[in-house]
Amino acid sequence: MALAVAGLWFGSRYWYTEYIQFSLLDDMLDIRKYYLERDGYGFWVAESGGELVGTVAALPSSEPGGEKHLELKRLSVSKNHRGKGIAKALCRTVIDFAQQRGCQAVVLTTTFAQISACKLYERIGLRLMNTLAPELKFKFFGFKILAYQYDLPNH
Numbered sequence: 001m002a003l004a005v006a007g008l009w010f011g012s013r014y015w016y017t018e019y020i021q022f023s024l025l026d027d028m029l030d031i032r033k034y035y036l037e038r039d040g041y042g043f044w045v046a047e048s049g050g051e052l053v054g055t056v057a058a059l060p061s062s063e064p065g066g067e068k069h070l071e072l073k074r075l076s077v078s079k080n081h082r083g084k085g086i087a088k089a090l091c092r093t094v095i096d097f098a099q100q101r102g103c104q105a106v107v108l109t110t111t112f113a114q115i116s117a118c119k120l121y122e123r124i125g126l127r128l129m130n131t132l133a134p135e136l137k138f139k140f141f142g143f144k145i146l147a148y149q150y151d152l153p154n155h
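Counted the way full-length UniProt numbering counts, the sequence shown spans residues 1 to 155.
Set out below in structure tokens:
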């Protein structure tokens, strides 16, 4: 049992580290260029006492049929500032941005391990649309990706 738990811990740590490294080579390498200088993209930060405490990003969805959908990404709030409504405010910022742009919905994907994030999404009105089991190596650990959607009014 202990060996299985250790294997799960090291495996998840490896995939998480891989994800962070990929992100730093992709959109997070140059936030201004990737998010702020492109039409339909956005990046917001939350500050408290001059300290960066949260971030969120938005971009047009790349999913088929998602031309009028905006994808919420990079939602993060520092541990000391969680439970204060910051993540909710950042999500509302993306929803408002999508509505101003005439989008039909805000979409996002997350993992089943992000329990508190999933609860937040559901509290603010996102609906779980789909549960995806990715590559075989992830299926072994019961890893699932959850797809959420918030339908905007008047669409």
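Note that beta-carbon positions come from the ideal geometry of N, C-alpha and C, so glycine has one too.
To the nearest angstrom, how far is the alpha carbon of residue i from that of residue j?
| i | j | result |
| --- | --- | --- |
| VAL53 | TYR121 | 19 Å |
| LYS79 | LYS119 | 16 Å |
| LEU146 | SER48 | 31 Å |
| GLY125 | GLU51 | 29 Å |
| ALA58 | THR93 | 10 Å |
| GLY102 | GLU63 | 17 Å |
Residue i by DSSP, collapsed to three states: which one?
| i | result |
| --- | --- |
| GLN149 | strand |
With residue i as the anchor, note down where its alpha helix (DSSP H) starts and where it stops.
| i | result |
| --- | --- |
| ARG123 | 115-123 |
| LEU36 | Run containing LEU36: none; DSSP gives neither H nor E here. |
| LYS88 | 86-100 |
Name the two residues that bound the continuous beta strand (DSSP E) containing residue i.
| i | result |
| --- | --- |
| LEU29 | Looking at the DSSP string, LEU29 is not in any beta strand (DSSP E), and its letter there is neither H nor E. |
| LEU126 | It is not in any beta strand (DSSP E) - LEU126 carries neither H nor E in the DSSP assignment. |
| LEU72 | 69-77 |
| PRO64 | Counting along the chain, PRO64 falls outside any beta strand (DSSP E), and DSSP gives it neither H nor E. |
| GLY42 | 42-48 |
Across which residues does DSSP place residue i in a beta bridge pair?
| i | result |
| --- | --- |
| VAL106 | LEU70, TYR150 |
| LEU111 | Correcting the residue type first, residue 111 is Thr in the shown sequence and not Leu. In the DSSP output, where bridge partners are listed per residue, THR111 has ILE145. |
Can you find a CB in chain B that lies within less than 7 Å of the CB of residue i?
| i | result |
| --- | --- |
| SER76 | The structure shown has no chain B; it contains just one protein chain. |
Taking C-alpha atoms, which residue in the options lies nearest to residue i?
| i | options | result |
| --- | --- | --- |
| ASP151 | ARG32, GLY102, VAL106, GLN100 | VAL106 |
| THR99 | THR109, LEU70, GLN149 | Note on identity: in this sequence residue 99 is Gln, with Thr being the wrong assignment. Closest option to GLN99, Cα to Cα, is LEU70. |
| ASP27 | ALA89, PRO153, VAL45, LYS73 | LYS73 |
| GLY65 | ASP39, ILE86, GLN104, PHE43 | GLN104 |
| PHE112 | ASN130, PRO60, PHE97 | ASN130 |
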